[in-house]
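Trainee: Going by the numbering used here, the first residue of the sequence shown is number 70, and it counts up by one from there.
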Amino acid sequence: MITYTFSNFVNALCQCWTGLNTQTIDDVRGLLMSTASNGGEMSWVRQLKTQQFTVQELYHDQKQGFILLAHSEAKNTYRPPHNHGSGWVFYTVLVGEMEMKTYKQVTSSSGESYLVSRGTDTLKTGDCRVFLPGDIHDTRCTSDNLILLRLTSCDFKKELTEGRLIRFTTDDTSIER
Numbered sequence: 070m071i072t073y074t075f076s077n078f079v080n081a082l083c084q085c086w087t088g089l090n091t092q093t094i095d096d097v098r099g100l101l102m103s104t105a106s107n108g109g110e111m112s113w114v115r116q117l118k119t120q121q122f123t124v125q126e127l128y129h130d131q132k133q134g135f136i137l138l139a140h141s142e143a144k145n146t147y148r149p150p151h152n153h154g155s156g157w158v159f160y161t162v163l164v165g166e167m168e169m170k171t172y173k174q175v176t177s178s179s180g181e182s183y184l185v186s187r188g189t190d191t192l193k194t195g196d197c198r199v200f201l202p203g204d205i206h207d208t209r210c211t212s213d214n215l216i217l218l219r220l221t222s223c224d225f226k227k228e229l230t231e232g233r234l235i236r237f238t239t240d241d242t243s244i245e246r
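(1) Starting from CYS34, trace the alpha helix (DSSP H) both ways and give me its first and last residue.
(2) By DSSP's criteria, ASP207 is part of a beta bridge. Which residues make up the other side?
(3) Can you tell me whether ASN152 is buried or exposed, with buried defined as 16 or more other CB within 10 angstroms of its CB?
(4) Please report how far the alpha carbon of THR87 lies from the alpha carbon of ARG236, in whole angstroms.
(5) Unbroken alpha helix (DSSP H) runs of length 4 or more, entirely within the region 174-238: which are they?
(6) How many angstroms separate the CA atom of LYS226 from the CA atom of ARG198?
(7) In whole angstroms, give me the CA-to-CA distance for MET70 and ARG115.
(8) Please give me, in chain order, every unbroken run of the beta strand (DSSP E) with length at least 3 that falls completely inside the region 85-150.
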């Protein structure tokens, strides 16, 4: 059984992180899934499960730029379709369930752009999903309480202010057909 202290977890994460490549994706996903599955044995994960918070920054790596966040959401919290610009992200469920629908933005022969859903997946405790640059998805909390780790490759606020991160709204005619 793995019993990482938070410091050991961060050290392992830093060792796995070598930029956007298959090895990083596989290694980091494995580390996050193991953490979620064995979280009851880790004091820092147990503490997250008892705290009241919406978003909490747990770690920001100044050298490599990635940011580890904890999120807590109530049932039916919905985040409309969005991408993460040039960034990429891991979502790992610690407690609860969430649905994620993925999309592809397509352009018709008449030049109209809209989103087409690829389908919906349910993530449960221990599950981890990765979204690469340009991937479009939404999220919905389907359980009474959701706690997840969100590991981002960079500061998504910067991606948003610099126009790379795109949020699609229900008012947007390109949302979904």
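Virtual Cβ for every residue (Gly too), placed ideally from N, Cα, C.
Mentor: To lay it out plainly:
(1) With the chain covering only 70 through 246, there is no way to say anything about residue 34.
(2) ASP207 is bridged by DSSP to LYS170.
(3) Answer is buried; the Cβ neighbour count reaches 16.
(4) 28 angstroms
(5) 225-230
(6) 21 angstroms
(7) Model confidence at MET70 stands at a pLDDT of 45, short of 50, so the residue's coordinates are unreliable and nothing is read from them.
(8) 124-129 and 136-143
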